[in-house]
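Reviewing the structure listed below.
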Amino acid sequence: MAVGVFDSGLGGLTILSALERRLPDVPFVYLADSANAPYGVRTPDDIYHLTTAAVQRLFDAGCDLVVLACNTASAAALRRMQESWVPEGKRVLGVFVPLIEAMTERQWGDNSPPREVAVKHVALFATPATVSSRAFQRELAFRAIGVDVEAQACGGVVDAIEEGDMILAEALVRSHVDALRRKMPDPEAAVLGCTHYPLMEDAFQAALGPGVTVFSQPSLVADSLADYLERHPDKIGTGEAAFLTTGDPAQVSSRATQFLRRGIQFTAA
Ligand code: DGL
Numbered sequence: 384m385a386v387g388v389f390d391s392g393l394g395g396l397t398i399l400s401a402l403e404r405r406l407p408d409v410p411f412v413y414l415a416d417s418a419n420a421p422y423g424v425r426t427p428d429d430i431y432h433l434t435t436a437a438v439q440r441l442f443d444a445g446c447d448l449v450v451l452a453c454n455t456a457s458a459a460a461l462r463r464m465q466e467s468w469v470p471e472g473k474r475v476l477g478v479f480v481p482l483i484e485a486m487t488e489r490q491w492g493d494n495s496p497p498r499e500v501a502v503k504h505v506a507l508f509a510t511p512a513t514v515s516s517r518a519f520q521r522e523l524a525f526r527a528i529g530v531d532v533e534a535q536a537c538g539g540v541v542d543a544i545e546e547g548d549m550i551l552a553e554a555l556v557r558s559h560v561d562a563l564r565r566k567m568p569d570p571e572a573a574v575l576g577c578t579h580y581p582l583m584e585d586a587f588q589a590a591l592g593p594g595v596t597v598f599s600q601p602s603l604v605a606d607s608l609a610d611y612l613e614r615h616p617d618k619i620g621t622g623e624a625a626f627l628t629t630g631d632p633a634q635v636s637s638r639a640t641q642f643l644r645r646g647i648q649f650t651a652a
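In this note's numbering, each residue's number is its place in the sequence shown (first place is 1) plus 383.
And the structure:
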């Protein structure tokens, strides 16, 4: 048993790194569905079926708790999974809620009615599937009132990152920020609503300028998982950490090593 961490590809490693730093004694099994990435251009049904198959693989590996380190899966599949699929005794958590709780100045798990918050104009950068799900706006509306959200679907960024083409990824980030600014000239805060984007955080911050607060998920998700595991220590388990992929292990290992700047060895899922 260990805690499972899932993403369509390499983006979830940004979350995994923060989890490892925050919870050094917890073993994590990471699964990248590289053969089917990117998810962000797929239909909700497709994302649901791929995500349940991947999470089942992590349950089979002995995990009782799986973190969807993927906004696209969290947005398009998590609610449906929780309502009708997650087996008794297992738990699946997403990455949206911790971010929104931090942005709306709430304690983790505070379910009190929505209220006014300091931030009023928020730019959301995410995959096309996450943007069209409107899951971010829905979760925000449960917690805050009077917040204006402008969403920008960042086509192409995930593919460029998965291909290791960071020059293209940077150029795309600049053009998506320009497109966002044409709709919302002065956002106060920007949400990087895709776990691949922290790899481009400097490019987002440079394009947005120093006056915009950039909310990035890894440390927020790590804090909220630490809080969850304190309340549910039975979900930690023991076991071997592992990196699994549905893609080519050699290629995925070399990209992962390049991104995280430490040797990572993936094996076939
Ligand atoms: N990194 C994922 C996310 O947070 C998935 C991106 C994709 O596969 O398109 O949305």
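Glycine included, every Cβ here is placed at the ideal spot set by N, Cα and C.
Problem set entry | Three-pair Cβ contact test at 8 Å for the segment 495-502 versus the segment 527-536 | At 8 Å Cβ cutoff, the stretches touch.
Sort G630, L451, H559 and P593 by Cα distance to C537 and report the nearest one.
In the sequence shown, counting from the first residue as 1, residue 537 sits at position 154. When only C-alpha atoms are compared, the closest one is H559.
H504, enclosing alpha helix (DSSP H) - first and last residue: For the purposes of this step, residue 504 is identified with residue 121 of the sequence shown, where counting begins at 1. No alpha helix (DSSP H) contains H504, which is instead part of the beta strand (DSSP E) from H504 to A509.
* Using the Cα positions of R521 and Q535, report the straight-line distance between them to the nearest angstrom. => Walking along the sequence shown from the start, residue 521 turns up at place 138. Walking along the sequence shown from the start, residue 535 turns up at place 152. Cα-Cα distance, rounded: 16 Å.
* **According to DSSP, residues forming a beta bridge with I528** => Against the sequence shown, residue 528 aligns to sequence position 145. Beta-bridge pairing links I528 to E499.
Problem set entry | Cutoff 6 Å; reference A444; Cβ partners in own chain excluding five residues on either side | Here residue 444 corresponds to residue number 61 of the sequence shown, with the count starting at 1. Excluding sequence positions up to five before and after A444, its CB lies within less than 6 Å of the CB of V412, all in the same chain and listed in chain order.
**Item:** Chain-order list of residues whose beta-carbon lies under 8 Å from that of Q588 (same chain, five-residue window excluded)
**Value:** The count along the sequence shown starts at 1 and reaches residue 588 at position 205. So the qualifying residues of the chain are V595 and V597.
task: Rounded to whole angstroms, what's the CA-CA distance from T650 to N454? Just pull it up for me.
output: Along the sequence shown, read from residue 1 onward, the residue named residue 650 stands at position 267. Along the sequence shown, read from residue 1 onward, the residue named residue 454 stands at position 71. Approximately 24 Å, taken between the alpha carbons.
* Looking only at C-alpha atoms, which of A552, L402 and S391 sits nearest to D610? -> Your numbering for residue 610 matches position 227 in the sequence shown. Per the Cα distances, L402.
Sequence-distant residues of its chain with Cβ nearer than 7 Å to S467 (five each side left out):
The count along the sequence shown starts at 1 and reaches residue 467 at position 84. Sequence-distant partners of S467 (beyond 5 residues in either direction) whose C-beta falls short of 7 Å from its own C-beta are missing from its chain.
V388 to L612 span [Cα, whole Å] = Here residue 388 is taken as the residue at index 5 of the sequence shown, counted from 1. Here residue 612 is taken as the residue at index 229 of the sequence shown, counted from 1. Going from the Cα of V388 to the Cα of L612 covers about 14 Å.
- Message: Please report the distance separating the alpha-carbon of L523 from that of D408.
- Response: In the sequence shown, residue 523 corresponds to position 140, counting from 1. In the sequence shown, residue 408 corresponds to position 25, counting from 1. If you draw a straight line from the Cα of L523 to the Cα of D408, it is about 33 Å long.
Next on the checklist: Three or more C-beta pairs under 8 Å: does that hold for the segment 426-444 against the segment 637-646?
Outcome noted: When C-beta atoms of the segment 426-444 are compared with those of the segment 637-646, fewer than three pairs fall below 8 Å, so the two segments do not count as touching.
- How about T629 and C577: are their beta carbons less than 8 Å apart? By 1-based counting over the sequence shown, the position of residue 629 is 246. By 1-based counting over the sequence shown, the position of residue 577 is 194. No, they are not a contact pair.
field: L393 vs I550 beta-carbon contact at 8 Å
entry: As a first step, residue 393 is located in the sequence shown; it is residue number 10 there, counting from the start. As a first step, residue 550 is located in the sequence shown; it is residue number 167 there, counting from the start. Not in contact: L393 and I550 (Cβ atoms no closer than 8 Å).
Excluding the 5 residues flanking G423 on each side, which residues of the same chain have their C-beta closer than 6 Å to its C-beta?
Along the sequence shown, one-based indexing puts residue 423 at 40. Contacts found: T455, T510, P511, A512 and V541.
Here's the rule I'm using: 16 or more other beta-carbon atoms within 10 Å means buried, otherwise exposed. How should G395 be labelled? What you label residue 395 is simply residue 12 of the sequence shown in a count that begins at 1. G395 comes out buried.
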